[in-house]
Each structure stands twice: as C-alpha cells, then as structure tokens.
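*Asks:* Numbering (full-length UniProt numbering), first residue to last: 1 to 309.
1) Relative to the alpha-carbon of residue 274, which residue among 76, 171 and 181 has its alpha-carbon at the smallest distance?
2) Let me check you understand the geometry: is the CB of residue 70 closer than 7 Å to at least one non-hydrogen atom of the ligand MN?
3) State buried or exposed for residue 139, treating a residue as buried only when at least 16 other CB atoms are found within 10 Å of its CB.
4) Please say whether residue 209 and residue 88 have beta carbons closer to each other than 8 Å?
5) Take the Cβ of residue 46 as the centre, count every other Cβ of all protein chains shown within 10 Å, and call the residue buried at 16 or more, exposed below.
6) Should residue 287 go down as buried or exposed, given a rule of 16 or more other Cβ atoms within 10 Å for buried?
7) Residue ranges of each beta strand (DSSP E) run of no fewer than 3 residues wholly in the stretch 108 to 148, ordered along the chain?
8) Jot down the residue ranges of each uninterrupted beta strand (DSSP E) in the stretch 65 to 104, minimum 3 residues, whole runs only, in chain order.
9) Indicate the three-state DSSP secondary structure (helix, strand or coil) for residue 194 in the structure shown.
10) Over the uninterrupted alpha helix (DSSP H) stretch that includes residue 237, give me the two end residues.
11) Find out if the Cβ-Cβ distance for the pair residue 132, residue 117 is shorter than 8 Å.
12) What does the alpha-carbon distance come out to for the pair residue 219 and residue 79?
13) Can you tell me whether residue 166 is helix, strand or coil according to DSSP?
14) Under 8 Å, with one C-beta from each stretch per pair, do the stretch 67 to 83 and the stretch 181 to 193 reach the 3-pair mark?
15) Contact defined as beta carbons within less than 8 Å: I believe residue 290 pairs with residue 226. What is the distance between those atoms, to the nearest angstrom?
16) Taking the CB atoms as reference points, tell me whether residue 114 and residue 276 lie closer together than 8 Å.
17) Where do the N-terminal and C-terminal ends of the alpha helix (DSSP H) with residue 285 fall, by residue?
18) For residue 60, I'd like the list of residues in its chain whose CB is within less than 6 Å of its CB, leaving aside the five on either flank, ordered along the chain.
19) Straight-line CA distance for residue 189 to residue 129?
20) Going straight from the alpha carbon of residue 295 to that of residue 214, what length do you get?
21) Assuming residue 45 is part of the alpha helix (DSSP H), what are its boundary residues?
Set out below in structure tokens:
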C-alpha cells in the first residue's frame with residue numbers, strides 16, 4: 001500500500017475537484033431564469049425587512065422615511081446583484097439553502113416582533129399586548145444575574161419608568177428567544193436534512209466567495225480554525241456588547257424610548273449577530289468534515305488502485 005503524506009493528499013484533492021465538492025453541474029437557460037427570478041424576490045424581501053419598522057411604528061418623520069427607503073433600495077440592489085450574478089462577492093452560502101433563508105427569517109421575525117412591541121407604546125391592541133406579554137414572560141425567565149438580558153437591562157437609565165423598563169425587557173427577551181430558536185432550527189436542518197446536500201456540488205466560489213482554499217495552510221485546518229473563532233465570538237458577543245455599550249457614554253439614555261426604530265434595530269442586531277456567527281462556525285466545521293471525508297475516500301481509492309496516484 002502506498003503511503004500518502006497529508007500535503008500530497010491535499011494537493012491531489014484540490015487538483016481533482018478544483019473548488020467544488022461533488023459532481024459538477026452545467027447551468028442552463030432555465031437555471032439562469034430561476035436564479036434571476038430568485039434574486040428579484042430576495043431583493044424585494046430585503047427591502048421589506050428594512051422598511052418594516054417604518055411601516056409598523058407610528059410617528060415616523062418624512063426625512064426618516066426617505067432615508068429608510070434609500071437604505072432599503074441600496075440593500076435590495078446589493079442583494080439583486082449578489083444573487084443575480086454567476087459568482088457573488090460578499091454573500092456566503094448562496095447556493096447552499098436553507099442557510100441564508102434561516103438567517104433572514106430569524107432577522108425578519110425579530111424585527112417584526114420588536115416593531116409590534118414598541119407599537120404598543122402608541123397604539124395598544126390585542127396583538128401588541130399579547131406579544132408584549134410573551135416577551136415579558138421570556139425576559140423574566142432568562143433575566144438572571146450575568147445573563148445577556150440582565151446585562152442589557154443594566155444599560156437602561158435609572159430614571160426610566162416601569163412601563164418602559166418592562167417594554168425593554170420584553171423586547172430583549174423575545175429577541176434572544178428568537179436567536180436561540182434559530183440555532184435550534186439550523187441544528188435540526190443539519191441533522192434531519194443533512195445540510196449541505198452531499199449529492200450536489202458545493203462550490204467554494206459561490207458559497208464562500210471571501211475564502212480562498214488555495215492559500216495558506218491546509219484548507220481543513222483553516223476551516224476548523226475559522227469555525228472555532230466564529231463559535232467563540234458568537235458565544236461571547238452577547239456579553240461583550242453591553243460592556244462596550246456601557247463604556248460609550250450617552251448611548252443609552254431616557255430619550256432612547258422616543259426613538260423606537262433605533263431600539264428595534266439595536267436589539268435585533270444584538271440578538272441576531274451572535275446566532276449568525278454560531279451558524280457560520282457550525283457550517284464551516286461541517287464543510288471541513290465533508291472535505292476530510294472526500295480526502296479519505298480518495299486515499300482509499302488510490303490505495304486500492306481505483307484512481308491514479
């Protein structure tokens with residue numbers, strides 16, 4: 001049996017499969033139309049996400065509305081270009097659903113629910129009271145010493161009235177619950193659906209456009225290292241963000257309750273970003289395992305004389 005070094009196995013692996021894992025697939029006319037249609041739909045959903053707080057919250061000024069529309073159109077244009085082009089530049093896991101769908105749905109649900117909560121300040125309805133009650137219950141349960149919710153609540157000024165304090169606790173608790181449910185859904189997708197689909201090609205150019213597998217140390221080592229970094233950062237970020245915000249004087253004050261749009265986005269990003277980093281780390285670890293498995297199969301095939309060395 002021929003002995004293969006790790007470096008030789010790695011180079012022969014990338015020479016054979018270039019930058020994709022799995023069988024190659026040629027894109028046809030129907031695929032192009034489907035990709036462009038999907039890009040337009042995704043761009044519209046992104047615009048809707050950006051505009052959701054302005055649509056649900058009352059008292060939005062005309063200048064704020066114009067700025068939100070401009071930001072939404074820009075984000076939609078970037079999404080359209082990224083998903084409409086053959087090879088994206090920024091968005092990762094474009095051709096590995098439902099990774100980005102889970103992330104987008106998580107952020108949209110968070111923004112929508114927080115907008116409903118803060119809408120209750122001005123126009124209380126049965127829906128706003130129900131969402132506030134659920135958020136208050138969740139916030140009360142996970143508001144224990146040194147928890148992320150407790151650290152965020154410590155940023156609220158002492159002169160804030162009880163109603164606004166309860167509203168903040170509801171928003172923070174509900175957003176954190178959505179982030180935990182997002183991770184649970186993604187883990188279910190990994191286990192049940194076997195993400196990413198091993199019967200299809202996994203192309204590094206379209207799914208990890210900022211990751212060059214041909215540079216640096218062994219690609220599996222780099223993927224595992226990046227995975228550990230993302231998971232660690234996702235774990236510590238909910239605890240570090242309040243500390244950084246506390247050091248920034250004036251970031252949280254009593255007047256913040258007069259700007260519910262700002263609170264919606266700040267709390268949403270605080271809850272969404274750690275979950276997104278967790279998902280990215282888990283995904284990169286799964287891809288590293290796929291590459292390792294393919295290398296082992298290739299090495300066994302070479303040893304059995306089924307493939308040329």
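Virtual Cβ for every residue (Gly too), placed ideally from N, Cα, C.
*Replies:* Per the coordinate set shown:
1) As a position in the chain shown, residue 274 is number 274, starting the count at 1. Minimum Cα distance to residue 274 is reached at 181.
2) The ligand content of the structure shown is nil, which means the ligand MN is not present either.
3) The residue given as residue 139 occupies position 139 in the chain shown. The residue is buried, with at least 16 neighbouring Cβ atoms inside 10 Å.
4) On the chain shown, residue 88 is found 88 positions in, with the first residue counted as 1. On the chain shown, residue 209 is found 209 positions in, with the first residue counted as 1. In this structure, residue 88 sits near residue 209, with a CB-CB distance shorter than 8 Å.
5) Within the chain shown, residue 46 is the residue found at index 46, counting from 1. Residue 46 should be labelled buried.
6) Within the chain shown, numbered from 1, the residue matching residue 287 stands at position 287. With 16 or more neighbouring CB atoms inside 10 Å of its own CB, residue 287 falls in the buried class.
7) The stretch 108 to 148 contains no whole beta strand (DSSP E) run of 3 or more residues.
8) Complete beta strand (DSSP E) runs here, min 3: none at all.
9) Here residue 194 is taken as the residue at index 194 of the chain shown, counted from 1. Three-state DSSP puts residue 194 in coil, outside helix and strand.
10) The residue given as residue 237 occupies position 237 in the chain shown. Run containing residue 237: 219 to 247, per the alpha helix (DSSP H) assignment.
11) The residue given as residue 132 occupies position 132 in the chain shown. The residue given as residue 117 occupies position 117 in the chain shown. For residue 132 and residue 117, yes; Cβs fall inside 8 Å.
12) Position 219 of the chain shown, counted from the first residue, corresponds to residue 219. Position 79 of the chain shown, counted from the first residue, corresponds to residue 79. One C-alpha to the other measures close to 28 Å.
13) The residue you call residue 166 lines up with position 166 of the chain shown. DSSP places residue 166 in helix when its eight states are reduced to three.
14) In short, these stretches do not touch, since the Cβ pair count stays below three.
15) Numbered from its first residue, the chain shown carries residue 290 at position 290. Numbered from its first residue, the chain shown carries residue 226 at position 226. 15 Å between Cβ atoms; not a contact.
16) The sequence position of residue 114 within the chain shown is 114, counting from 1. The sequence position of residue 276 within the chain shown is 276, counting from 1. It is not a contact, given that the beta carbons lie outside the stated cut-off.
17) Here residue 285 is taken as the residue at index 285 of the chain shown, counted from 1. Where residue 285 is concerned, the enclosing alpha helix (DSSP H) stretches over 260 to 303.
18) On the chain shown, position 60 is the one that residue 60 refers to. 54.
19) Indexing the chain shown from 1 puts residue 189 at position 189. Indexing the chain shown from 1 puts residue 129 at position 129. Note on geometry: alpha-carbon atoms of residue 189 and residue 129 lie some 33 Å from one another.
20) Walking along the chain shown from the start, residue 295 turns up at place 295. Walking along the chain shown from the start, residue 214 turns up at place 214. If you draw a straight line from the Cα of residue 295 to the Cα of residue 214, it comes to about 15 Å.
21) Translated into the one-based positions of the chain shown, residue 45 becomes position 45. Per DSSP, the unbroken alpha helix (DSSP H) holding residue 45 starts and ends at 29 to 56.
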